[in-house]
Every structure is written in C-alpha cells, then in structure tokens.
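S.K.:
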Amino acid sequence: MAKTNIVQAINQALTEEMERDKDVVILGEDVGRDGGVFRVTEGLLDKFGPDRVMDTPLAELGILGAAVGMAAYGLKPVVEIQFMGFIYSALEQVFSHAARVRARSRGRFGCQLVVRTPYGIGIKAPELHSESAEALFCHMPGVKVVVPSTPLNAKGLMLSAIRDPDPVIFLEPSRLYRAVKSELSEGGAAMPLGKADIYQEGKDITVVAWGTMLHRAAEASEGFDCEIIDLMTLKPFDEEAILASVKKTGRLVVVHEATRMCGLGAEIAAFAAEEAMMHLKSPVIRVAGPDAVTPMARLEDAYMPDAARIKRAYETVMEY
Amino acid sequence: MAKTNIVQAINQALTEEMERDKDVVILGEDVGRDGGVFRVTEGLLDKFGPDRVMDTPLAELGILGAAVGMAAYGLKPVVEIQFMGFIYSALEQVFSHAARVRARSRGRFGCQLVVRTPYGIGIKAPELHSESAEALFCHMPGVKVVVPSTPLNAKGLMLSAIRDPDPVIFLEPSRLYRAVKSELSEGGAAMPLGKADIYQEGKDITVVAWGTMLHRAAEASEGFDCEIIDLMTLKPFDEEAILASVKKTGRLVVVHEATRMCGLGAEIAAFAAEEAMMHLKSPVIRVAGPDAVTPMARLEDAYMPDAARIKRAYETVMEY
Amino acid sequence: MPINTVGRFEVKYLQVVSEEGILDSALAPALSDTEIRKFYEAIILARTFNGRALSLQREGRIGTYASILGQEGSQVGSALALAKDDWVFPSFRETAVFLSLGYPLHLMIRYWMGDERGMKVPEGVNIFPMSVPVGTQIPHAAGAAMAMRIRGDKRAAAVYFGDGGSSRGDFHEALNIAGVFRAPVIFLCQNNQWAISVPRSKQTRAGTIAQRAIGYGIEGLQVDGNDVIAVYKAMKDALERAKAGDGPTLIECVTYRLDDHTTADDASRYRASEEVESWKKKEPLIRLRLLMEKKGILAKDYEDSVLKEAEAAVDRAVQEAEAMAAPDPADILNYTNAALTGRQKKEMKDLGWRK
Amino acid sequence: MPINTVGRFEVKYLQVVSEEGILDSALAPALSDTEIRKFYEAIILARTFNGRALSLQREGRIGTYASILGQEGSQVGSALALAKDDWVFPSFRETAVFLSLGYPLHLMIRYWMGDERGMKVPEGVNIFPMSVPVGTQIPHAAGAAMAMRIRGDKRAAAVYFGDGGSSRGDFHEALNIAGVFRAPVIFLCQNNQWAISVPRSKQTRAGTIAQRAIGYGIEGLQVDGNDVIAVYKAMKDALERAKAGDGPTLIECVTYRLDDHTTADDASRYRASEEVESWKKKEPLIRLRLLMEKKGILAKDYEDSVLKEAEAAVDRAVQEAEAMAAPDPADILNYTNAALTGRQKKEMKDLGWRK
Ligand SMILES: Cc1ncc(C[n+]2csc(CCOP(=O)(O)OP(=O)(O)O)c2C)c(N)n1
Ligand SMILES: Cc1ncc(C[n+]2csc(CCOP(=O)(O)OP(=O)(O)O)c2C)c(N)n1
Ligand SMILES: [Mg+2]
Ligand SMILES: [Mg+2]
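Residue numbers (numbering that gives the first Met the number 0), protein chains in the order written: chain A, 0 to 319; chain B, 0 to 319; chain C, 0 to 354; chain D, 0 to 354.
#1: Any Cβ of chain D within less than 8 Å of the Cβ of C:Tyr110?
#2: Which complete alpha helix (DSSP H) runs does the segment 113-190 of chain B hold, if anything under 4 residues is left out?
#3: Considering only heavy atoms of ligand 3, list every residue whose Cβ is less than 7 Å from one of them, following chain order.
#4: Exposed or buried, B:Met277, counting other C-beta atoms within 10 Å across all chains shown (16 or more means buried)?
#5: I want to see whether chain A comes within less than 8 Å of B:Thr205, judged by CB atoms only; does it?
#6: Run through DSSP, which three-state label would C:Asn3 get?
#7: Ignoring anything shorter than 3 residues, give me the beta strand (DSSP E) runs that lie fully in the segment 199-249 of chain C, in order along the chain.
#8: Apart from the five residues just before and just after A:His96, which ones in its own chain have a Cβ nearer than 6 Å to its Cβ?
#9: How would you write the range of the alpha helix (DSSP H) that D:Glu40 sits in, first residue to last?
#10: Closer than 8 Å, CB to CB, is A:Pro191 near chain C or not?
#11: Give the list of continuous alpha helix (DSSP H) stretches no shorter than 4 residues that lie fully inside the segment 187-230 of chain A.
#12: Closer than 8 Å, Cβ to any Cβ of chain B: which residues of the segment 70-104 of chain A, in chain order?
#13: Apart from the five residues on each side of it in sequence, which residues of its chain come closer than 6 Å, Cβ to Cβ, to B:Val24?
#14: Suppose only complete runs of 3+ residues qualify. What are the beta strand (DSSP E) ranges in the segment 70-95 of chain B, listed by chain order?
#15: With H, G and I counted as helix, E and B as strand and the rest as coil, what does DSSP make of C:Asp349?
#16: Is D:Phe97 helix, strand or coil by DSSP?
#17: Would you say C:Arg7 faces chain D, with C-beta separation under 8 Å as the test?
#18: For the 8 Å Cβ check, are there 3 or more pairs between the segment 106-114 of chain A and the segment 338-347 of chain C?
#19: Which residue comes first and which comes last in the beta strand (DSSP E) that contains D:Leu284?
#20: Please find out if some non-hydrogen atom of ligand 6 comes closer than 7 Å to the beta-carbon of A:Glu28.
#21: Cβ closer than 8 Å: which chain D residues qualify as neighbours of A:Val292?
#22: For the segment 181-188 of chain A and the segment 154-173 of chain A, state whether three or more C-beta atom pairs, one from each stretch, are separated by less than 8 Å.
#23: Residues in the segment 118-137 of chain A with C-beta within 9 Å of chain D's C-beta atoms, listed in sequence order?
#24: What separation, rounded to the nearest whole angstrom, lies between the Cα atoms of D:Leu287 and D:Lys279?
#25: Looking at B:Gln81 and ligand 1, is the gap between the Cβ and the nearest heavy atom below 7 Å?
#26: Quick one: what does DSSP say B:Tyr313 is sitting in, helix, strand or coil?
#27: Count the other C-beta atoms from every protein chain shown that fall within 10 angstroms of the C-beta of D:Asp114, then say buried if there are 16 or more, exposed otherwise.
#28: Buried or exposed for A:Glu33, going by 16 or more other Cβ atoms inside 10 Å?
#29: Over what stretch of residues does the alpha helix (DSSP H) that includes B:Val292 continue unbroken?
#30: Can you say whether B:Pro49 is buried or exposed, counting buried as having 16 or more other CB atoms within 10 angstroms of its CB?
#31: Are the CB atoms of B:Lys246 and B:Ala275 within a distance shorter than 8 Å?
#32: Quick check: is any heavy atom of ligand 2 less than 7 Å from the C-beta of C:Glu292?
#33: Report the neighbours of A:Phe47 on chain C: residues whose CB is nearer than 8 Å to its CB, in chain order.
#34: Thinking C-beta only, is C:Arg150 closer than 8 Å to C:Pro183?
#35: Between which two residues does the beta strand (DSSP E) holding C:Ile195 run?
#36: Cα separation between B:Pro289 and C:Glu346?
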C-alpha cells in the first residue's frame with residue numbers, strides 16, 4: 000500500500016464514487032482541466048468527461064444554486080468552492096435552500112450534495128484564503144459539517160458525505176493537504192458521519208479538536224494525560240463520545256482556529272456545562288482565535304493557536 | 000409625553016439623527032414612498048428627499064455593497080433589509096468587507112454603517128420572514144450586533160448605532176414592533192452600546208435574554224427569584240454584568256429563539272463555564288429553538304420557546 | 000478598424016391577439032377551439048381561486064396572500080405550453096401556474112394557511128416548492144436544466160420571477176451559467192410593473208428586461224403578458240429551442256399587478272389609481288373573451304358552467320384544506336434531515352413532541 | 000404591432016493606435032509628447048516592478064504574487080485619465096493602476112509580503128484597499144459614486160475587475176443600481192481572456208462583455224486594451240459623461256494575461272503556448288514604442304534613463320519594504336474595531352501582545 004496524502008485520498012474517494020454512481024458530478028471553478036488549484040480533482044475530467052466534471056464561470060452563488068437544482072433533479076453534485084473565504088456569496092443558497100428543501104417540501108425533495116472547500120490557515124496565501132467559518136454552518140439546521148484530519152478519514156468521510164442524503168459541507172484543512180500521510184487501500188471503507196474518533200486515550204483532560212488543530216492539540220499534550228477527541232463530524236457532533244470522556248476526566252479543553260465568539264468551541268463548552276456540569280472539576284477552556292479577522296500571512300502564525308497556548312490551557316485546567 | 004411603540008421610536012431616532020447629521024442616509028427596498036413595510040421610515044422621504052432616503056432595486060448584496068462604498072466616501076448609511084431572512088445574499092459584503100475594511104486598511108478607512116432588519120418570529124408571514132440569525136454576526140469580528148426590547152432602548156441604541164464608527168447590525172424584533180410601548184421624549188439620549196440592562200433584579204437565577212424572549216423570560220419568572228438581564232448589545236456583550244450576576248446567583252439560564260447549536264446562548268454558557276465555573280451551582284441551561292429551521296406560521300408557536308419551557312428551565316436549575 | 004461595430008442586437012415584442020381581440024393569423028400558433036377553451040378555463044379557475052383566497056384572508060382563515068389578479072395570461076399561457084415532464088421553479092406569485100399544472104387546490108390553500116404540507120408536491124407533478132427569497136430560485140432551474148442535458152433527457156426547466164427578481168445577482172449568475180452550458184431552461188420574467196412600491200422604471204434603467212439576454216448570448220423576447228396566446232407561443236418556441244439543444248431563452252411578459260402586493264400591503268400609498276385603471280382595461284381575460292366571442296366559442300351556458308365548476312372546485316378545496324388535522328409539531332424536526340440525529344431525538348422528547 | 004422591434008443596440012470597439020503603431024488622428028485625443036511619454040514611463044515602471052516582484056517571489060522574499068504582464072496598457076491608460084480626486088476600487092491585479100496613481104512602491108511590496116500595512120493607503124490617494132474576493136468591490140464603486148452625486152462632488156469612481164469578475168452577481172447588482180441612480184462610475188473590465196484556467200469563451204456565451212451594458216441601460220464600449228491611447232480616450236470620455244450627470248459606463252478592455260495566473264499557478268496545464276505567443280506580439284509596450292518611434296520621441300538615452308530610474312525606484316522600494324520592522328501582532332486586534340472592546344483587551348493580555 001502506497002503512502003497517500005489528503006489531496007490524493009479525496010481524489011481517490013471522488014474517483015471511486017464517480018465510478019460507482021453515475022449520478023455523482025463535480026462542478027466548480029478550475030476543477031476540470033486544471034484539476035483544482037490544490038489538484039484535488041486532478042485527472043477526473045479526463046476520466047469522466049466534461050458532463051461530469053464541469054468548469055464553471057466564476058459565480059459561487061450560481062454554482063451552488065445550480066447544484067441545488069441538479070440535486071432536486073436527482074444528480075449528486077460535489078461542488079468545489081475554491082477557498083472557504085469565497086463561499087459567503089453562496090450562503091443564501093445553503094441556508095435558504097439546500098438546508099431547507101426537505102423541510103419545505105415535507106420530504107418530497109431532498110438536497111443530496113457535497114460542498115468541498117479548503118479551509119483554515121495554512122498556505123500563506125492572500126487575504127480570505129484562510130477562513131475557518133465552520134460555526135456558520137454548524138448553526139444551520141439541515142446541513143452536516145465534516146472536517147477530516149488524515150488521509151484515511153478524509154477518504155472515508157468523503158465517501159459517506161457523497162452518499163449522505165443531506166447536504167454536507169466538507170471542509171478540507173489546507174495546511175494538512177500534503178502534510179499528513181496514511182497508508183490507504185483502494186476501495187477503502189466509508190466512515191460513518193456523526194462519530195468522533197478517540198485519537199489518543201487519557202484520563203486527566205478531555206481535548207476536543209478537529210482538522211489542523213487536532214495535530215497541534217496532540218503535539219502540545221506531551222507531559223499531560225490528555226484524551227484527545229478528533230471530532231471529524233462537527234454537525235451533528237458525537238455528544239456521547241465527549242460526554243463519556245468528560246465524565247472520566249472532569250476537564251475539558253476545546254481547541255479551534257476560528258475566532259472564539261460563537262465558534263463551535265462555544266457549543267461544545269455549553270454542551271458540557273449543561274450535560275456534564277456536575278462532573279467538571281475545572282473551568283472549560285477554549286483555545287481559539289481572538290476577536291479579530293484572520294490576518295494576512297505575516298501575522299497568521301500569531302493568530303493561530305500554537306502549542307504553547309494549548310499547553311497553557313492544559314496547565315490551567317490541571318490546576319483544579 | 001406620548002406613548003410610543005418601537006416602530007415610532009426608531010423612526011424618531013432616524014429623524015433626529017438625520018436632522019443632526021447630513022451624512023446620514025437611508026437606503027433599502029420600499030423605504031421611501033412606502034415608508035418601509037413596517038413603516039419604520041415613514042415620512043422620511045418627504046422630510047429629507049430622495050437623495051437621503053433611497054428606494055433601491057431589489058438587490059440586497061448591491062445595497063449593502065453600495066453602502067460600504069458610501070461609508071468609505073464618508074456618508075453614514077442606514078440600510079434596511081426588509082426581513083432578516085433576506086440578508087443572506089449580502090453576508091459576503093458584511094463579512095468580507097464591512098467587517099474588515101478597517102483591519103485591511105490598518106485604520107485608513109472605516110465602515111460606519113447600520114444595517115437594520117426586522118428579526119424573529121412574530122408576524123405569521125411566509126417562510127424566511129422569521130429568522131433569528133444573530134449568531135452569524137456575533138461570530139464575525141469587526142461588527143457590532145444590537146437587539147432592542149422596548150421603544151426606549153430602541154431609540155437610544157439606534158442613536159448610538161448610527162454614531163458608532165463600526166458597522167452595526169441592528170435587529171428589530173418584529174413581534175415587539177407595536178406590542179411594547181414606552182413614554183419617549185424627543186431628543187432623548189443615546190444609550191451606550193455594550194452595556195446590558197438589569198431588567199429585573201433577583202438572587203436565585205441569572206437569566207440572559209434579548210428582544211422578544213426578554214419579555215417571555217420575565218413572564219415566566221413569576222414564582223422564581225430571577226435576575227433578568229436584557230443583553231441589548233449582543234456583540235460585544237456585557238461580560239461584567241453577566242459575571243456579576245452569575246457570581247451572585249450561581250445559576251444561569253439563557254433564552255433565545257434561534258436554533259440552539261452555536262447560537263449566542265452557547266457563547267454565553269461557554270463564557271460562564273470558563274469564567275464563573277466555580278460559582279455555578281447547577282448546569283447552565285439554554286432554552287432555544289430546536290435543531291430545525293423556523294417553521295411556517297402554523298407551527299411557529301411550537302418552535303418558539305414559551306413560558307412553560309422557560310419555567311421548566313428555571314425549575315431545573317433550582318433543583319440544585 | 001478605428002471604431003467599429005462588433006455587435007448588433009434587437010429586442011422584439013410579440014403580441015398575437017390585439018387589444019381588440021384580433022388574432023394575427025400569421026403569428027398565431029395552431030390552436031384548436033378546445034385548446035383555446037383550456038386557456039379560458041384555467042384563467043377562470045385561477046381567478047376564482049384567487050378571489051376566494053383574498054376573502055379567506057380577510058376572514059382570517061388563511062395568512063398573508065399574494066394576489067395574481069392581472070397576471071393570469073402570463074401564467075396560464077406559459078404553464079400550458081409545458082410538457083408533463085418539464086420542471087417548474089416558481090416564486091410565491093405563481094398560483095395560476097400551479098393550478099394550470101394540476102396542483103391540488105387544497106394544498107395551495109393549506110400553504111397559504113402557513114402549513115408546510117401545502118408544498119408537499121404530489122409525485123408526478125414536477126414543481127419545486129415555491130421560493131420566497133426573491134430571485135433565488137433562478138439558479139435552481141439552470142442546474143436542473145444542466146442535469147437534464149447531462150442525463151440526455153429531452154426536457155426543459157422553466158423558472159418564474161418578477162421584474163424585481165431580475166435585479167438580483169442570482170438572475171445574472173443563473174442566466175450566464177445556463178448560457179455557457181446551453182441548458183434547456185426558460186427564464187420567465189413577469190414584469191408586472193411593480194416590486195412592492197418600486198416601479199419598473201426604478202428597478203432598472205434598461206428599456207426592457209428582455210434585453211438582458213444580450214449580455215449572456217442567449218435568446219430574449221418581450222411578450223404582451225396579457226395576451227395568453229402570445230405567451231403560449233413564445234413559451235412553446237422557447238421550449239422547442241431548448242429541447243433541440245439551442246440553449247436558454249429569457250421571456251419578459253409585460254403585464255400588471257392589479258391588486259396590492261400582498262394582503263399586507265396598501266398599494267394606494269405609492270401608485271395612482273389612474274394607472275391601475277388603465278391597466279385594468281388590458282387585463283388578459285378581456286382579451287381572451289374578445290377573441291373567443293369573435294370565434295363564437297364563448298356561449299353563455301359554457302361560461303356559466305366553467306365558472307360553476309371552478310367555484311365548486313374551490314369550495315371543495317377550502318373544505319378539504321380546513322378539514323385537515325393541524326400540523327404535527329414533531330414534523331418541525333422530522334423533516335430537517337433525512338433521519339433524526341441523536342440531538343433531534345432528545346429535543347423531540349424534551350419538547351414533548353414524541354409520542 | 001404583431002411582432003416588432005422595441006430595442007436596437009450596437010456594441011462598438013475602439014482602437015486608436017493600430018498594431019503597426021499608426022495613430023488614427025480622427026479618434027486620437029489631444030496628447031502632447033510629454034503626455035505620451037508619461038504612458039511610457041508608467042508602463043516601464045509597472046513592468047519593472049512586476050518583474051522584480053516575480054523574482055522576489057521566486058527568492059521567497061514575498062508571497063504569492065499576481066503578475067500584470069500584458070495588462071499595463073489597460074491599467075496605465077485608464078489610471079492616467081483619472082483626476083486626483085476620483086476614487087479607485089481595485090482588485091488584486093491592478094499594480095500598474097496603483098503605481099500610476101502614485102502609490103508608494105514599498106507599500107505595494109509590503110502588501111505582497113503578506114503585511115496589512117501595505118494597504119494602509121496614504122492620505123490623499125483615493126484608492127480603496129484591493130479586494131481579493133472577485134467582483135465584490137464592484138458595488139463599492141457604485142456606492143461611492145452615489146455618495147459623490149449626493150454630495151454634489153464633481154468626481155467619479157472607477158472600479159477594476161476581470162472577465163471572471165463579470166460573471167458574479169455583484170457585477171449585476173452594482174451596474175444595475177448605478178444605472179438607476181445615474182451614478183458617476185466607470186466599470187472597467189480587463190478581459191484578459193482567462194480566469195485562472197477558465198477561458199473567456201467558457202466564462203460567458205456573450206460575444207463581448209461590453210454588451211452587458213445594454214441590460215442596464217448604460218453606456219458600454221469594447222476597447223483594445225493593449226492600446227494605451229484608446230483606453231485613455233475611452234476612460235476620459237466616460238469620466239466626462241459621468242461627471243456631466245450622464246451615468247455610468249462599462250468599458251471592456253480586451254487584453255491578455257501573459258503570465259501565469261499567480262506565482263502559485265502553472266498556466267501550461269491549461270493553455271497552449273501558441274496562444275500566448277500570438278498575444279505577446281500585441282502587448283501594449285510594443286504598440287506604444289512603435290507610435291513613439293514614429294513620432295521620434297523614443298531616443299535611446301531617454302529609454303535608458305526611464306529604465307534606470309524605474310529600476311532605482313524599485314530597488315529603493317524593496318530596501319525600504321524589507322527594512323520595515325515586522326508587523327506587530329497586537330495590530331491584529333488593534334484594527335478590528337475603532338476601539339478595543341473589553342474582550343479584545345483581555346485577549347491582548349492573554350496573548351502577551353500588550354506591552
Ligand atoms: C431577497 C428578497 N428580498 C426582499 C423580499 C421581500 N419582497 C417580497 S416580494 C418583493 C417584491 C418582488 O417584486 P417582483 O420580483 O417584481 O415580484 P412581484 O412581487 O411583482 O411578483 C419583495 C421586496 C423577498 N421576499 N426576498
Ligand atoms: C469570489 C472568488 N472566487 C474565487 C476566487 C479565486 N480566484 C482568484 S482570481 C480568480 C480568477 C479571476 O479571474 P478574472 O476575474 O478574469 O481576473 P484575472 O485573474 O484574470 O485578473 C479566481 C477564481 C476569488 N479570489 N474570489
Ligand atoms: Mg413585480
Ligand atoms: Mg481574467
């Protein structure tokens with residue numbers, strides 16, 4: 000088995016699923032001849048032709064809106080938004096349509112589509128190429144939100160995302176694209192959405208993280224007995240896994256890159272404050288971006304939670 | 000002094016501020032001749048003319064984008080979005096521009112504008128006329144978010160919002176527009192943003208709410224010794240007021256209409272779980288909308304937290 | 000080549016039946032008397048329904064309602080041109096389209112009662128649920144049409160929107176994408192002269208909305224929207240082109256919203272009654288009746304029976320709609336995702352919605 | 000009036016200097032030799048800067064950079080037509096616009112180093128910070144122009160975007176609104192034939208982007224974007240109309256992106272080198288040089304001195320940019336709001352950013 004990175008893993012998942020199911024189509028900017036700016040869709044145009052791998056005009060709202068119509072008609076579109084910072088013009092299509100078609104039509108129509116987009120700080124690109132706005136989608140009933148952290152779960156989760164009958168926002172940590180490798184077999188299994196992974200067992204601190212921050216949280220855990228949960232599906236998230244761990248450790252740290260206020264960390268902390276309050280020995284700490292927009296390349300490392308900040312949080316909760 | 004409702008109070012604030020400052024202009028759909036679908040801008044076209052009260056084409060993104068350009072040039076636009084459910088197409092202009100102009104230009108340009116929009120369940124109108132998506136904006140660094148609950152604070156907060164150098168999202172609970180009255184004097188004072196109001200003092204339970212839910216939370220408090228905080232400014236919210244109260248009561252209930260996951264309630268609960276953990280005697284409870292989109296009129300009352308649900312939360316925290 | 004012309008364009012306006020009821024036989028599509036009667040019957044049904052909906056609203060038996068009075072020509076003419084397997088993407092003011100395509104009347108009433116079950120489109124009827132955010136449905140039609148092309152289905156999609164909707168970015172992105180992919184889609188703009196209180200002249204400085212098509216390299220045409228036959232013809236032609244692989248068409252139906260924007264609106268605040276009166280004289284039923292009279296196919300007893308039938312159908316529908324059990328709050332959660340999540344199950348229990 | 004024409008439109012293409020360098024004196028604006036030299040000097044400065052930026056990127060001294068090679072004619076021609084108090088709304092590929100308007104070179108470099116201070120536009124320079132999300136700056140220009148009109152200022156706004164940007168909803172809403180309000184704004188589309196890997200032919204089925212103007216009832220014109228004089232003239236005329244109250248103009252500059260999309264791109268993956276080679280022959284400097292040679296105003300020593308000066312200016316700028324102290328992390332919070340909130344002060348302390 001060859002070592003595979005996340006780009007290749009997602010490419011494999013797309014390829015296999017498109018071979019298996021002819022209703023799966025890809026559309027987005029530069030996904031065809033160019034293979035996507037990160038090469039995630041490389042080779043797919045040649046393999047599946049321009050009817051199934053569509054280079055679109057530069058029009059995010061139009062792309063997502065068209066995908067909603069395709070899904071209504073029975074296709075299973077996988078949309079690429081070139082960077083998460085460029086999805087904002089298409090939010091209405093996600094919030095007012097993709098997420099609501101099923102409820103609005105009382106189940107007569109669904110909206111089986113996947114929106115893939117690179118996400119988070121990582122590549123020192125210009126402004127708006129480093130957004131981590133997962134919480135916006137987590138706040139939206141009717142959609143699912145997924146963030147992989149390794150090639151293995153990237154492939155498994157992508158297979159599930161495409162097969163899932165609900166719209167899935169699939170956020171790909173651009174920093175990890177080529178930085179993490181797994182051994183990956185062809186035809187590998189789908190991984191269920193909604194289930195977290197106990198990335199590392201421990202008994203003192205429950206740490207919840209996803210994507211890039213998972214690796215940081217793990218890196219910072221040396222010297223602490225952390226139970227690290229790789230959330231993977233952010234909505235709906237695995238409440239049982241968090242609860243079981245917090246009941247064991249009595250301490251909770253959530254780490255994410257996004258700005259703190261109303262981030263997903265708030266939900267997880269609030270969840271614990273509601274359902275595990277009597278088990279908590281210490282304050283719940285969020286290590287997250289400050290109340291400022293993601294800066295440009297020169298300052299992005301200062302913005303992003305680093306191992307030192309995460310360690311400080313571990314130390315703080317261990318004081319109790 | 001005449002009894003005034005919220006519609007009139009905001010109209011007064013707009014009128015007085017437009018008289019005081021000729022850079023203040025209004026733009027939006029039907030804000031001119033029609034006076035806005037809720038009549039908030041009634042009479043302003045006649046008073047200030049079509050250069051300062053602009054009926055625009057039906058184009059939310061264009062309206063907000065134009066307002067950003069006007070603000071850059073030095074005007075102080077007050078934009079009306081006809082209902083909060085129609086702001087989604089303009090989110091990119093808020094998130095990627097209004098909120099960032101100052102940071103992007105290192106203070107050379109700002110973006111002094113107000114976005115007013117009716118918000119929440121309340122008028123039994125068709126779909127998407129009942130959104131309460133405040134959390135989306137609370138998650139966005141660089142903007143401020145305000146929700147009034149009475150004519151008095153509606154006027155005071157609107158005056159401050161227009162004068163504030165940052166972009167302010169001003170959410171007007173449509174259910175309260177004509178339902179709550181205050182005695183209001185002309186030329187009344189601006190109320191500072193960022194300060195909560197202790198709507199009702201109490202010693203057993205801290206209740207945080209805003210807009211329509213403030214009144215429900217108060218209604219449900221009979222028989223409980225609740226300290227009810229009217230948050231008013233949701234971002235940045237008054238951390239001191241909440242902290243002081245929670246330290247006193249040891250119990251916290253947050254009530255909001257929006258769906259629970261990643262709502263502002265999560266932030267407030269998480270804030271308490273981080274900063275007041277050792278004072279909390281009971282779980283922090285959020286009374287909020289379920290994980291479903293706001294239903295149409297027939298089911299909206301079922302969706303919206305009612306006094307019974309809120310009471311149940313009070314009972315639950317009092318069990319500890 | 001100092002300064003030369005690199006493009007020349009025209010916008011045409013189509014009218015088949017004049018305001019005096021004279022049919023231009025060179026332009027008229029081949030239509031049997033039965034077919035013409037169908038237009039009449041559909042307009043009467045729609046108008047009867049519309050009138051009843053307005054009374055139901057006044058009586059508090061349904062919620063806010065958007066009248067279609069005056070727009071039946073555009074809606075019926077275009078809807079009856081569609082094939083059974085074509086798809087429709089409506090806004091909230093397409094009652095006559097729904098009814099012409101056989102949408103159950105009681106569901107329509109149920110919808111305006113504020114009940115999602117009213118948009119549970121029956122199997123076999125290819126209408127997407129109506130879209131409330133103006134213009135946002137336009138890209139859906141482009142996408143569905145792209146899907147038809149991809150699957151090789153000889154079908155088309157039709158999307159309805161207003162003059163206001165034509166100002167939205169969705170309009171632009173959808174028409175442009177559809178043009179690029181030569182998607183079989185008809186963009187039908189009912190220019191009813193008003194977007195709530197904003198007149199057409201303030202919606203855009205362009206003389207017609209049809210001329211927008213030029214910017215996307217697609218077909219565009221302005222039609223007398225109060226001439227049901229002209230609308231039918233324009234739509235038929237456009238559908239044919241679409242299905243032949245010749246791409247999308249933008250059709251602007253010039254018509255008029257005779258009533259208030261919705262029952263929550265008071266149009267007298269912003270428009271002169273003379274304007275309304277002048278358009279009343281052009282409304283589509285007058286025209287069609289003149290034509291039918293000239294053709295001798297509008298006998299009094301036929302007229303009476305059509306009206307009676309329409310009224311009976313609407314009566315039945317109101318009864319049926321009002322007899323339906325109240326919606327189940329559990330459905331708020333039941334239809335959010337394909338299956339309930341753990342959290343949703345918990346909420347269901349906490350809210351007492353689970354039996 | 001069965002079927003008749005209700006609109007007739009033309010799109011014109013303007014070229015003033017032919018590819019052989021022949022000036023059409025009937026069309027040419029009055030330009031002194033000094034003014035023509037200004038175009039030359041601005042192009043040389045921009046091209047020198049651009050070349051240096053590309054090397055700096057290869058050496059890892061700046062980040063991803065978007066080359067303007069081939070587009071200097073469109074940028075310099077339009078920028079030099081602007082008055083000092085007009086406003087500009089640029090995208091990320093307008094280096095020659097910035098430099099032609101006197102933007103400090105070292106700030107430009109600093110920006111591409113990934114440092115916000117590079118977009119702290121000096122007082123007196125009316126350029127809005129460059130917009131990275133494609134097309135989103137177009138409504139800003141419409142709004143600023145509306146503000147100018149409201150204030151009665153005889154100024155105009157100019158906004159730059161690409162062929163890709165013309166597909167976005169922002170384009171549509173902005174042009175339409177500007178048309179309705181007769182805002183003094185010039186929409187300048189640099190159609191450089193590519194949006195990353197998507198060719199112009201797949202961006203829209205319309206033959207020109209200029210013809211979009213028809214749909215908004217505003218002026219539109221296609222210009223040879225590699226003819227700096229033609230661009231200058233088109234822009235001058237448009238500005239004059241705008242300031243006279245005659246509303247917006249859409250100008251499509253037909254040009255070509257000779258380099259990769261950015262330094263992170265590899266254009267050989269998706270376009271043929273023959274295409275690039277054929278456009279190289281038309282690039283704007285060749286044209287301008289031919290004209291100047293014919294006019295006898297391109298002496299060797301002048302050429303040398305212009306180049307030397309440009310190189311010296313760029314050298315100084317690189318030094319200055321690299322000599323600047325590293326940006327202060329505290330500024331991440333300092334500039335989010337007009338004043339720090341309580342929470343931001345706390346974060347500042349927690350992060351150790353407050354001294
Ligand atoms: C995006 C959006 N903005 C605003 C509204 C509120 N609104 C409902 S209908 C309407 C006017 C629509 O005008 P037009 O498109 O011409 O359709 P018509 O009502 O004339 O059928 C407005 C502003 C809405 N529903 N959606
Ligand atoms: C809204 C948005 N979508 C996608 C991108 C990524 N992107 C950057 S430039 C570009 C192509 C732009 O093409 P065009 O508008 O023709 O400008 P050009 O690059 O040719 O100058 C794309 C897709 C972006 N920056 N913004
Ligand atoms: Mg209309
Ligand atoms: Mg381009």
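All C-beta atoms, glycine included, are put in the ideal place defined by N, C-alpha and C.
M.R.: Result, derived from the coordinates:
#1: Output row for C:Tyr110: interface = no.
#2: 133-137, 150-162
#3: C:Gly161, C:Asp162, C:Gly163, C:Gln189, C:Asn190, C:Asn191, C:Gln192, C:Trp193, C:Ala194, C:Arg256
#4: It counts as exposed.
#5: No, its Cβ sits nowhere closer than 8 Å to a Cβ of chain A.
#6: Correct three-state label for C:Asn3: strand.
#7: 218-223
#8: Val67
#9: 32-57
#10: no
#11: 211-218
#12: Gly84, Tyr87, Ser88, Leu90, Glu91, Phe94, Ser95, Ala98, Arg99, Ala102, Arg103
#13: Arg51, Leu74, Pro76
#14: 75-79
#15: helix
#16: helix
#17: yes
#18: no
#19: No beta strand (DSSP E) holds D:Leu284; the alpha helix (DSSP H) holding it covers 283-294.
#20: As far as ligands go, the structure on display features ligand 1, ligand 2, ligand 3 and ligand 4 and does not contain ligand 6.
#21: Close partners of A:Val292 in chain D (Cβ separation under 8 Å): Thr335.
#22: Touching, yes, given that three or more Cβ pairs across the two stretches are closer than 8 Å.
#23: Ile122, Lys123, Ala124, Pro125, Glu126, Leu127, His128
#24: Rounded to the nearest angstrom, the two C-alpha atoms are 14 Å apart.
#25: yes
#26: Reduced to three states, the DSSP call for B:Tyr313 is helix.
#27: buried
#28: Correcting the residue type first, residue 33 of chain A is Asp in the shown sequence and not Glu. It is buried - the Cβ of A:Asp33 has at least 16 other Cβ atoms within 10 Å.
#29: Where B:Val292 is concerned, there is no enclosing alpha helix (DSSP H), given that its DSSP letter is neither H nor E.
#30: exposed
#31: Contact: yes.
#32: no
#33: Chain C residues near A:Phe47: none, gap ~11 Å exceeds 8 Å.
#34: no
#35: Run containing C:Ile195: none; DSSP gives neither H nor E here.
#36: 6 Å
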